[in-house]
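Numbering (the working numbering), first residue to last: 55 to 329.
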């Protein structure tokens with residue numbers, strides 16, 4: 055039976071990364087449905103937010119270029135919300151796998167907590183569905199600073215999007231699909247690739263989560279009635295073997311992660327015996 059996959063993202067239905075991922079999945083013979091936010095929804099984690107009109111969530115048909123016959127929808131909701139309703143049959147038969155991306159910018163380190171791309175994958179896993187979150191490392195520290203506070207990345211960077219190697223990230227993610235489908239249910243793979251042609255990758259490696267992402271938020275200024283934030287590079291070098299370090303060295307990084315799980319190493323003994 056053909057594997058049915060939902061492809062979503064947090065960059066929006068018109069983003070080049072989602073088109074590349076959907077095209078690559080279709081080429082592999084997968085049963086593809088695409089549903090993604092109408093507008094950019096970066097940093098939404100696994101939020102359950104949506105815009106309703108007359109008590110109904112707004113959903114528009116949004117055919118993608120070169121993907122005739124692939125149903126695609128722009129949804130007025132967050133990636134996590136879109137994933138959840140897809141698993142409940144909102145866009146046809148529920149998917150067996152969720153592919154989230156290709157995100158514009160790496161989702162690495164413990165900062166994945168905040169990513170809408172990873173949040174969609176976590177939502178899938180929490181609801182019994184395997185998922186891959188895949189991102190392309192495109193943001194330099196300067197571009198990330200320009201994007202701080204929710205502002206758009208500078209126009210020059212956007213112009214270069216057509217030249218990005220989205221297909222590299224899509225290919226790496228789909229090559230990992232057999233590993234995912236043989237893994238336990240509720241598994242998530244977080245994949246990050248450099249912005250390079252596939253043939254120029256140094257390889258694909260298992261990366262541990264760095265203690266930080268590529269950039270960190272800081273408070274640049276605060277005053278009466280306002281706070282201004284900015285993004286800056288961490289003050290310490292990435293430790294060898296982490297996802298951030300592998301990306302910098304020209305490798306694609308893969309990290310197996312899980313959504314919310316219980317911590318079993320905290321001592322709560324005796325509580326059940328209390329009256």
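Using N, Cα and C, we set each Cβ at its ideal position, and we do this for glycine too.
| query | In chain order, what residues of the same chain have a beta carbon less than 6 Å from the beta carbon of residue 306, not counting five sequence neighbours either side? | reply | Looking up residue 306 in the chain shown gives position 252. Result list for residue 306: 226, 247, 255, 258, in chain order.
| Among the residues of its own chain, which have a CB less than 8 Å from the CB of residue 264, if the five just before and after it don't count? | Position 210 of the chain shown, counted from the first residue, corresponds to residue 264. Here the set comprises 162, 163, 164, 292, 293, 296, 297, 298, 299.
| query | DSSP state of residue 91, grouped into three classes? | reply | Numbered from 1 along the chain shown, position 37 holds the residue referred to as residue 91. In the structure shown, residue 91 sits in a strand (DSSP, three-state: E or B).
| said: Within 10 Å of its beta-carbon, does residue 184 have 16 or more other beta-carbons around it, so buried, or fewer, so exposed? | reply: Residue 184 sits at position 130 when you count from the first residue of the chain shown. That one is buried.
| Inter-residue Cα distance where the pair is residue 83 and residue 221 | Residue mapping note: residue 83 aligns to position 29 of the chain shown, counting from 1. Residue mapping note: residue 221 aligns to position 167 of the chain shown, counting from 1. Taking the straight line joining both Cα atoms gives about 16 Å.
| task | Output yes or no for whether 9 Å exceeds the beta carbon distance between residue 154 and residue 126. | result | Counting from 1 along the chain shown, the entry for residue 154 is found at position 100. Counting from 1 along the chain shown, the entry for residue 126 is found at position 72. No, the Cβ-Cβ distance between residue 154 and residue 126 is not below 9 Å.
| Taking the alpha-carbon positions, what's the residue 94 to residue 73 distance? | Your numbering for residue 94 matches position 40 in the chain shown. Your numbering for residue 73 matches position 19 in the chain shown. Taking the straight line joining both Cα atoms gives about 15 Å.
| query | Between residue 266 and residue 302, what straight-line distance do the alpha-carbon atoms span, to the nearest angstrom? | reply | For this step, residue 266 is matched to residue 212 along the chain shown. For this step, residue 302 is matched to residue 248 along the chain shown. So the two alpha carbons sit approximately 14 Å from each other.
| said: Just to check my reading of the structure: residue 189 and residue 159 have Cβ atoms closer than 8 Å, yes? What is that Cβ distance to the nearest angstrom? | reply: Residue 189 sits at position 135 when you count from the first residue of the chain shown. Residue 159 sits at position 105 when you count from the first residue of the chain shown. About 6 Å separates the two Cβ atoms, so the contact holds.
| Three-state class that DSSP yields for residue 139 in the structure shown | Taking the first residue of the chain shown as position 1, residue 139 is located at position 85. Helix.
| request: In the DSSP assignment, find the alpha helix (DSSP H) that holds residue 233 and state where it starts and stops. | output: Position 179 of the chain shown, counted from the start, is the residue given in the question as residue 233. It spans 231-235 - the alpha helix (DSSP H) in which residue 233 sits, taken as one unbroken run.
| task | Would you list the residues sitting across from residue 271 in a DSSP beta bridge? | result | If you number the chain shown from 1, residue 271 lands on position 217. According to DSSP, residue 271 bridges with 285.
| query | On the premise that residue 64 lies in contact with residue 98, defined as a C-beta separation below 8 Å, what is that separation, rounded to the nearest angstrom? | reply | Position 44 of the chain shown holds residue 98. Position 10 of the chain shown holds residue 64. Confirmed, about 6 Å.
| request: Would you mind sorting residue 90 into buried or exposed? The rule is 16 or more other CB atoms within 10 Å of its CB. | output: By 1-based counting over the chain shown, the position of residue 90 is 36. Residue 90 comes out buried.
| task | Give the straight-line distance between the Cα atoms of residue 187 and residue 279, rounded to the nearest whole angstrom. | result | The count along the chain shown starts at 1 and reaches residue 187 at position 133. The count along the chain shown starts at 1 and reaches residue 279 at position 225. Answer to the nearest angstrom: the Cα atoms are 37 Å apart.
| Could you give the distance in angstroms between the alpha-carbon of residue 88 and the alpha-carbon of residue 232? | The count along the chain shown starts at 1 and reaches residue 88 at position 34. The count along the chain shown starts at 1 and reaches residue 232 at position 178. Straight-line Cα distance between these residues: approximately 21 Å.
| Residue of 238, 128, 216, 229 minimising C-alpha distance to residue 180 | Residue mapping note: residue 180 aligns to position 126 of the chain shown, counting from 1. Nearest of 238, 128, 216, 229 to residue 180, Cα basis: 238.
| request: For residue 19, count neighbouring C-beta atoms within 10 Å of its own C-beta (all shown protein chains included) and say buried if the count is 16 or more, exposed if not. | output: Absent from the structure is residue 19, since the part of the chain shown begins at 55 and ends at 329.
| task | State the Cα-Cα distance for the pair residue 101 and residue 325, rounded to the nearest angstrom. | result | One-based indexing of the chain shown puts residue 101 at position 47. One-based indexing of the chain shown puts residue 325 at position 271. Those two C-alpha atoms are separated by around 32 Å.
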